[in-house]
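Inspection log for the structure reproduced underneath, given as structure tokens.
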Amino acid sequence: MTPRGRHFFANPGPTNIPDSVQQAVAHGTVDFMGADFLAVYDRCVEGLKRVLRTTGHVFMYTGSGHAAWEASLANLLSPGDRILVIETGHFSEAWSRMATDLGLVVETLPAEWRRGLDYAALREALGADRGHAIKAVCAVHNETSTGMTLDLARIRAILDAAKHPALFLVDTISSLGSIDYRHDEWGVDAAVGGSQKGLMLPVGFSFTAVSAKAMEAHARSTLPKHYFHWSRMLERRHKSFIGTVPIALFYGLQESLRLIEEEGLENVFARHHRLAEAVRRCVRHWTGNDGPQLFCLSPERVSDSVTSILVPEGHDAEALQRRVATMNVALGAGLGRLGGKVFRIGHLGDLNEPMVLGTLAATEIGLRLERIPHAPGGVDAAMAYLAETA
Ligand SMILES: Cc1ncc(COP(=O)(O)O)c(C=O)c1O
Numbered sequence: 001m002t003p004r005g006r007h008f009f010a011n012p013g014p015t016n017i018p019d020s021v022q023q024a025v026a027h028g029t030v031d032f033m034g035a036d037f038l039a040v041y042d043r044c045v046e047g048l049k050r051v052l053r054t055t056g057h058v059f060m061y062t063g064s065g066h067a068a069w070e071a072s073l074a075n076l077l078s079p080g081d082r083i084l085v086i087e088t089g090h091f092s093e094a095w096s097r098m099a100t101d102l103g104l105v106v107e108t109l110p111a112e113w114r115r116g117l118d119y120a121a122l123r124e125a126l127g128a129d130r131g132h133a134i135k136a137v138c139a140v141h142n143e144t145s146t147g148m149t150l151d152l153a154r155i156r157a158i159l160d161a162a163k164h165p166a167l168f169l170v171d172t173i174s175s176l177g178s179i180d181y182r183h184d185e186w187g188v189d190a191a192v193g194g195s196q197k198g199l200m201l202p203v204g205f206s207f208t209a210v211s212a213k214a215m216e217a218h219a220r221s222t223l224p225k226h227y228f229h230w231s232r233m234l235e236r237r238h239k240s241f242i243g244t245v246p247i248a249l250f251y252g253l254q255e256s257l258r259l260i261e262e263e264g265l266e267n268v269f270a271r272h273h274r275l276a277e278a279v280r281r282c283v284r285h286w287t288g289n290d291g292p293q294l295f296c297l298s299p300e301r302v303s304d305s306v307t308s309i310l311v312p313e314g315h316d317a318e319a320l321q322r323r324v325a326t327m328n329v330a331l332g333a334g335l336g337r338l339g340g341k342v343f344r345i346g347h348l349g350d351l352n353e354p355m356v357l358g359t360l361a362a363t364e365i366g367l368r369l370e371r372i373p374h375a376p377g378g379v380d381a382a383m384a385y386l387a388e389t390a
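Residues in the sequence shown are numbered from 1 upward in steps of one, following my numbering.
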């Protein structure tokens, strides 16, 4: 039977699409070289740069975040180059596997997934690399599998203090437009992002924001590329996209950027923080003696776009997810080695208090029905916090 009522989508990406963006995406086909579209396109590029806080160039591709991962590696590096990937969770592992497949030598800086990076270990690894064999350091700003963030300004400072020339590559896929990100200020050389999370668009395009240093590295890079070739892109009018531009998504982006600017980027971040904190208050209440708990054990690293929740030993997070789905609420699954152990609540993009509370309430019903131990009343804790901070 077709479920009644609105679908509550609480997966951490793709995310909910605002109605006005959905309508904008329904725009009919136009010539992507025509003057009307080019004006929309150029405005979108400028708007996207403001969200990224950069004055540099942004290369775009028709493809999901994986495309931007691959494009960034292929444009900056050469076969056999060594890169250091900071282990954060499922997505840092996936980016590492891709780099290995592309012919790079991947060194991983290991971390315990519930606590995250030991910054001293990064300092040590860079200090030990006296010959500067490491060509790039890769960091996932917001690890969507564990619900933890990295302090990018701190990583930049460590690179600078070590006088290490490695490129600084950052994945902003689940942070951009939800959590503070400052491309130029933090000296990031290549930042990867996608349309379907904080930008509140359908899946379909992804991008890399680059620094001048990244463009110098690009000139030396010999990994094979064609569709992703940045120099070829610069020869084109759009200075991005080899091939047809995803026209409809740009009408959508024009609208989503309008919404972000109307709210103000700082207010967007504050809204994300407040809704995330409501979710955390609820989970901490559920924890009680032996209930579900925040996967992230480092309070200063918790993510404002997604919360990963560890179910008690002997209980199945997937069964809970299925149960909650019967109420037309989509939670995120545990990814990779966290499968069945963790469920995730996405709280990024087009979201308000009742949407968060509805998701939490359905989850609390699910905990009850699945007989997963928890202290009842988590939703009250979230409501109390939202009332206090209204
Ligand atoms: C942090 C992060 N990086 C990379 C990806 C991969 O992006 P995509 O699924 O759009 O290819 C995701 C997807 O959720 C992600 O959350």
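Note that the Cβ used here is the ideal one computed from N, Cα and C, for glycine as well. Because the structure is a prediction, the values reported are computed rather than measured.
- Item | Residue range of the unbroken beta strand (DSSP E) whose run includes Glu-107 | 105 to 109
- Can at least three beta-carbon pairs, one atom from the segment 152 to 169 and one from the segment 31 to 44, be found at a separation below 8 Å? no
- beta strand (DSSP E) segment containing Val-192, residue limits: That run of the beta strand (DSSP E) goes 190 to 194.
- Item | Nearest-angstrom Cβ-Cβ length linking Arg-115 and Ser-298, presumed shorter than 8 Å | Contact between Arg-115 and Ser-298 is confirmed by a C-beta separation of about 5 Å, below the 8 Å threshold.
- Item | Range of the contiguous alpha helix (DSSP H) that encloses Arg-156 | Run containing Arg-156: 152 to 161, per the alpha helix (DSSP H) assignment.
- Among Leu-176, Gln-22, Tyr-181 and Gly-204, which residue has its Cα nearest to the Cα of Gly-63? Gly-204
- Check whether Glu-462 and Phe-91 have beta carbons under 7 Å apart: Since the first and last residues shown for the chain are 1 and 390, residue 462 lies out of range.
- Query: Can you give, in chain order, each stretch of the alpha helix (DSSP H) that sits fully within the segment 31 to 56 and has at least 4 residues?
  - Reply: 35 to 52
- Who's in the neighbourhood of ligand 1, going by beta-carbon under 6 Å from any heavy atom, listed in chain order? Gly-13, Ser-64, Gly-65, His-66, Phe-91, Val-140, Thr-144, Asp-171, Ile-173, Ser-174 and Gly-194
- Distance CB(Pro-18)-CB(Met-233) smaller than 7 Å: no
- Query: Contact between the segment 121 to 140 and the segment 312 to 320: three or more CB pairs below 8 Å?
  - Reply: no
- Message: Just to confirm my understanding: we take Glu-353, look at its own chain, exclude 5 residues before and 5 after, and list those with CB closer than 6 Å. What are they?
- Response: Leu-386
- Taking Arg-344 as part of the beta strand (DSSP E), name the residues at either end of that continuous run. Here the beta strand (DSSP E) through Arg-344 covers 342 to 346.
- Message: For Asp-458 and Val-283, what's the separation of their Cα atoms in angstroms?
- Response: Residue 458 lies beyond the range of the chain shown here (1 to 390); nothing can be said about it.
- Which class does Phe-9 belong to by DSSP, given the choice of helix, strand or coil? strand
- Message: Under 8 Å: do the segment 342 to 349 and the segment 241 to 252 share three or more Cβ pairs, one atom per stretch?
- Response: no
- Message: I need the boundaries of the alpha helix (DSSP H) containing Arg-368, first residue and last residue.
- Response: 353 to 369
- Query: Can the beta-carbon of Pro-165 be found closer than 7 Å to that of His-141?
  - Reply: no
- Hey, how far is the Cα of Glu-263 from the Cα of Asp-189? About 28 Å.
- Check the DSSP bridge columns for Ile-309 and list the partner residues they point to. Beta-bridge annotation (DSSP): Ile-309 is paired with Leu-294 and Phe-343.
- Sequence-distant residues of its chain with Cβ nearer than 7 Å to Leu-360 (five each side left out): Val-279, Cys-282, Gly-378, Val-379 and Ala-382
- Message: Check this for me: beta carbons of Val-21 and Glu-255, under 7 Å apart or not?
- Response: yes
- Item | DSSP bridge partner residues for Asp-171 (one or two, in chain order) | Val-140 and Val-192
- Message: As a quick exercise: from Trp-286, Ala-276, Arg-258 and His-272, pick the residue whose alpha carbon is nearest that of Arg-43.
- Response: Its Cα nearest to that of Arg-43, the residue Arg-258 stands out among Trp-286, Ala-276, Arg-258 and His-272.
- Where Ser-211 falls: helix, strand or coil (DSSP): coil
- Query: Where do the N-terminal and C-terminal ends of the beta strand (DSSP E) with Thr-100 fall, by residue?
  - Reply: Unbroken run through Thr-100 is the alpha helix (DSSP H), 90 to 101; no beta strand (DSSP E).
- Message: So, under 8 Å CB-CB, His-272 and Ser-178 are touching, yes? Tell me the CB distance rounded to an integer number of Å.
- Response: 5 Å
- Query: Quick one: what does DSSP say Ile-83 is sitting in, helix, strand or coil?
  - Reply: Ile-83 falls in the strand class under three-state DSSP.
- Item | Enclosing beta strand (DSSP E) for Gly-332 [first to last residue] | 329 to 333
- Message: I'd like to know if the segment 319 to 333 and the segment 80 to 97 are in contact, where contact means that at least 3 CB-CB pairs between them fall below 8 Å.
- Response: no
- Range of the contiguous beta strand (DSSP E) that encloses Met-60: 58 to 62
- Message: Just list the residues that DSSP pairs Phe-205 with in beta bridges.
- Response: Thr-62
- Query: Below 7 Å between beta carbons: does that hold for Asn-75 and Trp-230?
  - Reply: yes
- Item | Cut-off 7 Å between Cβ atoms - residues of its own chain near Ser-96, not counting five sequence neighbours on either side | Val-85, Val-106 and Thr-108
- Query: Roughly how many angstroms lie between the CA atoms of Met-215 and Phe-269, to the nearest whole one?
  - Reply: 30 Å
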